[in-house]
Amino acid sequence: MFYNSVRMPAKEDPLRYCTESFQGPKSNRQDSQEEEEDDDDNFFDGVFNLLSSEHKQLTGAISTNAPAKLSLNNLRKAGARGCGFNNLPSIAECTPSLSDSAEEQERTNLYRRRSEIPTQFISAGASPQGNSTTTAAAGSNDMTVRDKPTPFQLMELTYRNTRRRLQLAEQTAEEARSLESYVEADGTCLSIIEWSHRPDLNLDKEQQLAFQIVTAAFMLTYYQDAESLDPSVYRTCSDNPSQIRRDFRNEKGKLQRMSRLRHNQLIMYLDGAGGAGKSRVVQELLKYAQEFTARLGLQFDMRTIVVSAMSGVAAVSIGGETTHSVAAFFRNIDEKDTTWANARLLIIDEVSFMSTAEVDLLDEKLRCLMRKYNALFGEIHILFCGDFRFREDPEWGCILSRLRNDTYTQHDIDAVNQCCIKVKPRAIPGNASYCVYGNADRTAINDAGVFSNVLKAHWQTCQSLPNHIVAITAGNMVRVNKAKKKIPMEETDKHYIFEHCGDHRIRAKIRGRRGGHFIDPMLKLYYHIPLMLVSNDDVPNGHANGTRVLLEAVVTKPNVTASTIIIDGYECPALDASNVDYLVCSSEEDPQKIFKIHPKTLQCSIQAPIPKAIAGHVQATINLTASLLQFPIITNRATTGHKLQGQNKHNLVVAVWSKRKNWNYVALSRVRTRQGLYLLQKLQHDADFSMSHDLREMRRRLSRLTPAVLEWDLEEERRMRDIRRRHASNRAAAT
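The sequence shown begins at 25 in the numbering used here and counts up one residue at a time.
Structure (structure tokens):
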């Protein structure tokens with residue numbers, strides 16, 4: 025063979041004498057793309073036929089009469105270090121059996137208390153009216169004009185000497201009676217300080233300082249609005265306008281001093297590890313603001329103080345919405361949009377999830393929402409909360425504190441390793457949660473390991489078809505090619521996906537967003553299985569991505585009977601998602617809160633593995649797009665560290681350690697006590713918990729900006745308040 029070592033062009037092409045040159049299409053771009061799509065589809069058809077034929081050879085042809093046979097071994101093997109087979113929780117504690125009379129009685133009582141839950145785990149019913157959760161009335165947050173109090177209204181509130189506490193919706197009568205001292209929310213510095221010092225709150229110095237700063241900044245927005253009104257309001261609203269003006273300016277100056285405002289805007293970061301009490305500061309701020317506006321007769325709605333978080337589950341935990349939703353990250357803002365007209369403060373939790381690009385986008389959106397295009401963040405006050413490092417047990421709290429602050433010792437590492445079940449053998453409780461690094465490990469434990477053991481344990485004890493276990497397969501499964509043509513899948517194709525593709529290999533495609541939530545093509549469920557919602561359907565009412573729920577019942581469409589499939593050699597009831605009306609779930613944190621989850625038609629991206637018989641030892645996959653009907657939920661016995669942020673667990677199994685910065689600290693800080701920590705492998709003695717250089721520098725800069733505690737003469741403030749109230753009473757008596 026001639027080798028052209030100097031890369032000189034050949035004079036002639038021998039193929040020109042036996043072939044015809046390719047004639048390019050007239051419309052080269054569109055036609056060439058169509059031809060490339062056809063080639064991709066033909067290539068996929070060939071590979072998928074190989075997958076199906078390989079599956080048929082292993083399992084045999086599927087008969088419509090015999091139950092389908094499925095194996096979960098491939099999903100269990102996908103997990104690292106055999107996590108889908110070993111160290112799984114106690115099955116007896118995992119699944120309360122519906123056959124027990126006590127359990128049946130308890131379920132009946134539960135049904136009587138909550139009529140939304142059927143008495144049978146699998147039951148037929150009519151389609152419910154309405155959505156999965158109760159939603160707020162449309163337009164309830166629309167504010168065309170911002171509520172502005174007058175200076176007289178603000179000062180008159182401070183002159184009152186009432187002892188009647190307004191009962192808030194979230195405050196019970198018992199809580200009100202337990203208050204040792206009553207503090208009026210009148211918007212003054214003295215009132216804010218006394219509220220933060222209330223014995224029943226038990227706030228520490230840092231929490232008190234944070235509450236005082238943010239609340240003072242919030243109150244200043246009302247003083248600034250009042251100051252912007254016509255000066256004649258002093259004369260028309262009071263018989264002593266000069267006194268009103270002096271008191272007004274005096275109180276505003278104190279609020280400015282307390283809030284430490286720069287350029288009339290508060291941009292504050294509230295730091296603290298999980299459980300440090302950041303949410304308590306936010307809750308007390310909301311209570312104070314609600315009582316203040318109620319006493320003034322001003323409107324307080326979800327946009328007065330906008331409570332949000334960067335993740336759905338964090339938003340639910342603080343009673344807010346996702347930042348992406350409230351700040352219109354994925355939609356255009358209409359010029360007539362006035363939903364933020366009454367907004368005074370924005371709270372963003374889990375700010376460590378926010379990227380630099382998202383901060384810039386937030387600035388852009390807030391300028392539009394607040395109609396202040398030349399002001400940073402629309403000149404609204406912002407409170408960022410979070411822990412960039414990602415207790416009932418004081419010793420464990422000290423260990424975590426040293427790990428977080430990069431002052432840990434070898435003794436701390438040894439104390440953590442005492443929780444390893446190889447060092448100190450212990451049975452893993454049935455209610456334990458698993459913390460894993462990768463989604464394949466999560467699938468191996470959730471979808472395959474635990475469920476397979478539950479089904480096996482049932483047949484070993486009952487020898488009858490279970491009535492508290494069911495598999496729900498995706499319905500209406502079709503493959504979608506690049507030309508948007510839908511190609512129905514054969515039964516062998518579906519079974520290959522059920523056996524080889526857990527939710528870690530299938531993602532729903534969401535327009536306008538990168539990536540998407542996970543979808544399980546075959547949900548493997550049992551009574552009270554921990555589940556996680558993966559869509560933000562109704563965040564204000566708790567239906568958010570990351571919300572943790574327990575399965576109560578499966579409601580089918582009328583006249584539908586469950587079929588039977590064989591999973592790992594054991595018979596199991598099965599339903600197609602198209603035959604299921606909805607799932608009834610209860611909140612893990614609030615059992616009285618009920619969710620009705622309906623199936624959705626989703627376009628998904630599937631990353632299907634190619635068997636070794638075809639691809640050899642190369643771990644090859646093929647990507648395809650499919651449309652299917654399935655419930656937007658995943659099982660939640662095991663959770664990635666990313667989803668665990670913001671949660672606190674009584675019992676936690678850490679399945680693996682990671683070299684990634686901060687991940688190990690996130691995993692350890694999710695468990696309340698060291699007694700509740702279970703390790704499947706020891707933490708390396710050279711484990712690195714140190715901060716990155718950038719994080720260390722950021723924390724150093726923030727520590728220098730930490731405001732000092734101001735000294736207030738509270739006795740003098742109380743004396744001045746009493747004098748103002750006495751003078752106001754005398755004027756009222758004289759008139």
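All C-beta atoms, glycine included, are put in the ideal place defined by N, C-alpha and C.
Values in this document were obtained by computation on a predicted structure and should not be read as measured data.
Contacts around residue i, its chain only, beta-carbon distance under 6 Å, and the 5 residues preceding and following it disregarded
i	result
proline 597	Val494 and Ala586
leucine 427	Tyr689 and Phe713
proline 453	Asn675
isoleucine 291	Ile406
arginine 391	Tyr397 and Gly402
glutamine 289	Glu403
serine 45	Note that serine 45 has pLDDT 49, beneath the 50 cutoff, so the model's placement of it is unreliable and no number is given.
tyrosine 372	Going by the sequence as given, residue 372 is isoleucine instead of tyrosine. Excluding sequence neighbours, isoleucine 372 sits near Ser332, Thr347 and Phe408.
asparagine 264	none
Neighbour-count burial assignment, residue i, 16 or more Cβ in a 10 Å radius
i	result
valine 447	exposed
serine 761	Lying before the first or after the last residue shown, residue 761 is absent from the chain, which here runs from 25 to 759.
serine 379	exposed
isoleucine 553	buried
leucine 94	buried
glycine 48	Residue placement at glycine 48 is poorly supported in this model, since its pLDDT is 44, which falls under 50; the coordinates are not used for a value here.
aspartate 517	buried
glutamate 576	buried
tyrosine 206	exposed
arginine 831	Here the chain comprises residues numbered 25 to 759, so residue 831 is not present and cannot be evaluated.
alanine 313	buried
proline 113	buried
asparagine 686	buried
Proximal residues to residue i (C-beta, below 7 Å), its chain only, five neighbours per side dropped
i	result
tyrosine 293	Phe408 and Leu726
isoleucine 217	Gln236, Trp736 and Leu738
leucine 181	Asp210, Gly211, Arg319 and Leu320
valine 558	His541, Phe542, Asn569, Pro656, Ile657 and Ile658
serine 682	Tyr461 and Asn688
leucine 648	Phe68, Arg503, Ile630 and Ala632
glycine 296	Lys302 and Asp411
aspartate 600	Thr497 and Gly499
glutamine 671	Arg694
lysine 360	none
serine 376	Gly410, Asp411, Phe412 and Phe414
Given residue i as reference, the closest of the options once Cα atoms are compared
i	options	result
glycine 421	Phe412, Gly410, Asp436 and Asp411	Asp436
serine 632	Ala92, Leu99 and Leu94	The question names serine, but residue 632 is alanine in the sequence shown. Closest option to alanine 632, Cα to Cα, is Leu99.
arginine 222	Thr143, Glu308 and Gln248	Glu308
asparagine 491	Asn111, Gln144 and Asn97	Gln144
arginine 284	Val733, Asp411 and Ile618	Val733
valine 350	Tyr520, Ala367 and Thr485	Ala367
glycine 336	Leu574, Asp562, His751 and Pro512	Asp562
threonine 664	Ile469, Pro418 and Gly277	Ile469
glutamine 708	Ile511, Val440 and Ile268	Val440
proline 512	Glu208, Ser651 and Lys685	Ser651
isoleucine 146	Asp430, Leu489 and Asp358	Leu489
glycine 106	Ala464, Ile329, Asn429 and His287	Ala464
isoleucine 591	Ala472, Asp527 and Ser252	Ala472
glutamine 751	Gly149, Lys172 and Tyr183	Note on residue identity: the sequence assigns histidine, not glutamine, to residue 751. Checked all of Gly149, Lys172 and Tyr183; the closest Cα to histidine 751 is Tyr183.
Terminal residues of the alpha helix (DSSP H) in which residue i lies
i	result
aspartate 527	No alpha helix (DSSP H) holds aspartate 527; DSSP gives it neither H nor E.
glutamine 232	229-251
isoleucine 268	265-283
asparagine 441	434-441
serine 215	213-220
leucine 386	380-393
arginine 466	463-467
glycine 421	418-428
serine 332	Here serine 332 belongs to no alpha helix (DSSP H); instead the beta strand (DSSP E) covers 329-333.
Start and end residues, beta strand (DSSP E) containing residue i
i	result
arginine 723	It is not in any beta strand (DSSP E) - arginine 723 instead sits in the alpha helix (DSSP H) that spans 717-729.
alanine 662	662-664
asparagine 491	Element bounds for asparagine 491: n/a, residue is neither H nor E.
Inter-residue CB distance, residue i and residue j (contact presumed, cutoff 8 Å)
i	j	result
tyrosine 606	valine 579	5 Å
glycine 698	cysteine 443	The sequence shown places arginine at residue 698, rather than the glycine named in the question. That belief holds up - the Cβ atoms of arginine 698 and cysteine 443 are roughly 6 Å apart, short of 8 Å.
leucine 692	leucine 424	6 Å
valine 680	alanine 104	6 Å
phenylalanine 475	lysine 548	4 Å
leucine 357	leucine 393	Reading off the sequence shown, one finds isoleucine at residue 357, where the question assumed leucine. Yes, isoleucine 357 and leucine 393 are in contact; Cβ-Cβ is about 6 Å, under 8 Å.
Cβ neighbours of residue i in the same chain (closer than 8 Å, five flanking residues each side left out)
i	result
glutamine 231	Ser220, Gly301, Arg304 and Val305
serine 602	Gly499, Asn500, Pro623 and Leu653
aspartate 228	Gly301
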